[in-house]
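Visitor:
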Amino acid sequence: MTNTTDPSSKKNQEALFTRPTSINPDAPQVELRDIRKDFHGTTVLHETSIEIKQGEVIAFIGPSGAGKSTLLRCVNYLETPSAGEILLGGEPVVAVADKPTRAELNALRREVGMVFQSFNLFPHLSVLRNVSLPQERVLGRSKAEADARSMELLSRVGMEHKAAARPTNCSGGQQQRIAIARALALEPSVMLFDEPTSALDPELGAEVLKVMQELAKSGMTMLVVTHEMSFARRISDRTVFMAEGRIVEQGPPEQLFGDPQHERTRRFLEVVDR
Numbered sequence: 014m015t016n017t018t019d020p021s022s023k024k025n026q027e028a029l030f031t032r033p034t035s036i037n038p039d040a041p042q043v044e045l046r047d048i049r050k051d052f053h054g055t056t057v058l059h060e061t062s063i064e065i066k067q068g069e070v071i072a073f074i075g076p077s078g079a080g081k082s083t084l085l086r087c088v089n090y091l092e093t094p095s096a097g098e099i100l101l102g103g104e105p106v107v108a109v110a111d112k113p114t115r116a117e118l119n120a121l122r123r124e125v126g127m128v129f130q131s132f133n134l135f136p137h138l139s140v141l142r143n144v145s146l147p148q149e150r151v152l153g154r155s156k157a158e159a160d161a162r163s164m165e166l167l168s169r170v171g172m173e174h175k176a177a178a179r180p181t182n183c184s185g186g187q188q189q190r191i192a193i194a195r196a197l198a199l200e201p202s203v204m205l206f207d208e209p210t211s212a213l214d215p216e217l218g219a220e221v222l223k224v225m226q227e228l229a230k231s232g233m234t235m236l237v238v239t240h241e242m243s244f245a246r247r248i249s250d251r252t253v254f255m256a257e258g259r260i261v262e263q264g265p266p267e268q269l270f271g272d273p274q275h276e277r278t279r280r281f282l283e284v285v286d287r
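In our numbering, the protein residues as written are 14 to 287.
(1) Between which two residues does the beta strand (DSSP E) containing Met172 stretch?
(2) My output table needs one value for Gln130: the three-state DSSP class, helix, strand or coil.
(3) Could you pull the start and end residues of the alpha helix (DSSP H) that Leu121 belongs to?
(4) Tell me, please, which residues DSSP counts as bridged to Lys50.
(5) Please report the residue range of the alpha helix (DSSP H) in which Thr278 lies.
(6) Under DSSP, the beta strand (DSSP E) around Ala212 begins and ends at which residues?
(7) Taking 8 Å as the cut-off, decide whether the C-beta atoms of Thr83 and Val57 are in contact.
(8) May I have the straight-line CA-CA distance separating Met233 from Glu227, to the nearest angstrom?
(9) On the DSSP bridge list, what partners appear for Met204?
(10) Closest to Arg251 by C-alpha separation, out of Ala72, Ile99, Ala40, would be which residue?
(11) Do the segment 127-141 and the segment 180-187 touch if we need at least three Cβ pairs shorter than 8 Å?
(12) Tell me Glu64's beta-bridge partners as DSSP assigns them.
(13) In angstroms, rounded to a whole number, what distance separates the CA positions of Val221 and Leu213?
(14) Between the alpha carbons of Glu60 and Thr114, how many angstroms are there, rounded?
(15) Just confirm the distance between the C-beta atoms of Val70 and Val285, as a whole number of angstroms; I'd bet it's less than 8 Å.
(16) Residues in its own chain within less than 7 Å of Val170 by CB, not counting five upstream and five downstream?
(17) When you compare each of Phe244, Ser62, Gly271, Ser202 to Gly68 by their alpha carbons, which one comes out closest?
(18) Alpha carbon to alpha carbon, how far is Gly97 from Thr34? Give it in angstroms, no decimals.
(19) Report all residues from its chain with a CB closer than 7 Å to the CB of Ala245; omit the five preceding and five following residues, and keep chain order.
(20) In or out: Asp39 buried (at least 16 other Cβ within 10 Å) or exposed?
(21) Between which residues of its own chain and Ala28 is the CB-CB distance below 7 Å, once the five residues before and five after are set aside?
(22) Excluding sequence positions up to five away, which residues of its chain have a Cβ less than 7 Å from the Cβ of Gln274?
(23) Using the C-alpha atoms, what's the distance from Leu91 back to Ala177?
(24) If the criterion is Cβ atoms closer than 8 Å, does the pair Lys112 and Thr93 meet it?
(25) Could you give the DSSP three-state label for Pro105: helix, strand or coil?
(26) Who pairs with Gly264 in a beta bridge, going by DSSP?
(27) Rounded to the nearest angstrom, how far is the Cβ of Leu10 from that of Val151, given a contact under 8 Å?
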């Protein structure tokens, strides 16, 4: 169905979401309860629980294989948790460990956008079509409405001049900014970032981090898996250290980086935070 109202209006944005009316506004925006993930009989994410408030920026740090990316992929149901429960605004996303329906996935991904290490853009489509197509398919916007919103978002991330180009004609930093615009186009209330600068050199990575910093200032709730310790220090409201599939320690970045309480956290920071 095509929206006939202004897609940027508050009334229309609310209509795009499918939150139950019974959601408690005082509940955490995102709550993970005892999330576990098993792969081929091996537990890679142990019972993990965390609450995220609206507008909070959470940075997940830790060694490779700690379970950080797996945790994010469970939030967006790119991986189905083996056990546990995920709640948005106090309401379960789907029954515990069940495979969500297509309707449930669409509703979830309207609320929770994700940006990956790899850009995952369609190489045969223009930049504009990469951002517009999901809006047409998921939100039911007309091509004209989707293109108008896409140009707004591309301008926001400094990429409007590349609208007619193919992604392969854009730098890595530019492609990641396009991917952020594409995720924002579905009007999410939460954004997940999985090592968004890991494939970029420092200069291009800085372009992406600047966009993320602006998103954080605008009040977007963000869960960020990152190896950028400076980003975690400066931008996050809370830093979470994970190792061996568990949350080891968490707290305000000044506390976690300045006075870590766990020996495993101290050993990690001695190596990476120099």
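C-beta atoms are modelled at their ideal positions from N, C-alpha and C, and glycine is treated no differently.
Guide: Once the coordinates are examined:
(1) Careful: Met172 lies outside any beta strand (DSSP E) and carries neither H nor E.
(2) coil
(3) 115-124
(4) Leu58
(5) 276-285
(6) Careful: Ala212 lies outside any beta strand (DSSP E) and carries neither H nor E.
(7) yes
(8) 9 Å
(9) Gly126, Met235
(10) Ala72
(11) yes
(12) Glu44
(13) 9 Å
(14) 24 Å
(15) Their Cβ separation, rounded to whole angstroms, is 20 Å, which puts Val70 and Val285 out of contact at 8 Å.
(16) Arg190, Ile193, Ala194, Val224
(17) Ser202
(18) With a pLDDT of 36 at Thr34, under the threshold of 50, the modelled position of that residue is not reliable, and no figure is offered here.
(19) Ala72, Ile74, Thr239, Thr252, Pro266
(20) exposed
(21) Low confidence applies here, because Ala28 scores a pLDDT of 27, under 50, leaving its location unreliable; read the following figure in that light. Correct list: empty, nothing qualifies.
(22) Glu262
(23) 30 Å
(24) yes
(25) strand
(26) Thr252
(27) No answer is possible for residue 10: it lies beyond the span of the chain, which begins at 14 and ends at 287.
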